[in-house]
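Asker: Can you read through this structure? Questions will come right after.
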Amino acid sequence: MTKEKLNWKPKRNITGVACWNVTSWKGKVQDIIISETEKHSMDICGISKKKWKGQGTCKHRKHIIIYSGKAKHERTQSGVCILLHEKYAPSIEDREYINDILLRTSLKPNHTTIHLISTYAPDISKPVEDSEKFYRELRTSVDKISNSHKIAVFMAISMLE
Numbered sequence: 035m036t037k038e039k040l041n042w043k044p045k046r047n048i049t050g051v052a053c054w055n056v057t058s059w060k061g062k063v064q065d066i067i068i069s070e071t072e073k074h075s076m077d078i079c080g081i082s083k084k085k086w087k088g089q090g091t092c093k094h095r096k097h098i099i100i101y102s103g104k105a106k107h108e109r110t111q112s113g114v115c116i117l118l119h120e121k122y123a124p125s126i127e128d129r130e131y132i133n134d135i136l137l138r139t140s141l142k143p144n145h146t147t148i149h150l151i152s153t154y155a156p157d158i159s160k161p162v163e164d165s166e167k168f169y170r171e172l173r174t175s176v177d178k179i180s181n182s183h184k185i186a187v188f189m190a191i192s193m194l195e
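The opening residue of the sequence shown carries number 35 in my numbering; numbering runs sequentially from there.
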């Protein structure tokens with residue numbers, strides 16, 4: 035077996051997607067995450083537990099970051115975002131900032147609408163009511179989407195905080 039670098043990049047047009055649970059989104063971590071998505075040809079990445087406050091959209095290098103976190107006056111322990119390569123910027127149709135653990139972004143890159151949902155499910159140490167509320171909110175968000183549209187869910191699941 036040789037130590038040749040493996041190159042999985044296909045000769046076809048494929049959109050690489052990923053899901054990443056991070057402990058922070060500050061300083062060098064942001065650059066590392068974006069560098070890794072570029073290195074592995076991941077154009078779309080759902081990121082959870084990024085600990086940003088507020089909601090919005092920003093740009094970093096060649097990527098658009100759509101994020102949803104806790105209110106600015108609250109202590110942050112959670113947050114989700116969707117990282118998109120800038121080539122998808124013209125395709126962004128809608129954003130729904132549901133809460134700090136549930137975010138939906140809609141793209142229409144061709145003739146098909148694709149809904150990207152980035153989420154962080156409550157861990158098993160949380161009360162059952164938290165999980166029930168989370169899945170009700172996820173179901174409500176999904177139920178709003180037309181049956182003719184595509185859906186991709188980036189769900190991080192953790193055993194314990």
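Idealized CB from N, CA, C, for every residue including glycine. Note that the structure is predicted; figures quoted are calculated from it, not measured.
1) State yes or no: is the C-beta of isoleucine 116 within less than 8 Å of the C-beta of leucine 150?
2) Tell me the DSSP secondary structure of isoleucine 99 in three-state form.
3) For the beta strand (DSSP E) containing threonine 139, name the first residue and the last one.
4) Bridge partners of histidine 94, per DSSP?
5) Anyone know if the C-beta pair for methionine 189 and threonine 153 falls short of 8 Å?
6) List the DSSP bridge partners of arginine 129.
7) Looking at C-alpha atoms only, which residue of Arg109, Val51, Ile98 is the closest neighbour of lysine 83?
Answerer: According to the data block:
1) Along the sequence shown, read from residue 1 onward, the residue named residue 116 stands at position 82. Along the sequence shown, read from residue 1 onward, the residue named residue 150 stands at position 116. Yes.
2) Residue 99 sits at position 65 when you count from the first residue of the sequence shown. DSSP places isoleucine 99 in strand when its eight states are reduced to three.
3) Numbered from its first residue, the sequence shown carries residue 139 at position 105. Threonine 139 -> beta strand (DSSP E) spans 136–141.
4) On the sequence shown, position 60 is the one that residue 94 refers to. DSSP output for histidine 94 lists His97 as bridge partner(s).
5) Here residue 189 corresponds to residue number 155 of the sequence shown, with the count starting at 1. Here residue 153 corresponds to residue number 119 of the sequence shown, with the count starting at 1. Yes, the Cβ-Cβ distance between methionine 189 and threonine 153 is below 8 Å.
6) Start at 1 with the first residue of the sequence shown, and residue 129 comes out as number 95. According to DSSP, which records beta bridges pairwise, arginine 129 is partnered with Thr139.
7) If you number the sequence shown from 1, residue 83 lands on position 49. For lysine 83, the closest alpha carbon among the candidates Arg109, Val51, Ile98 is that of Arg109.
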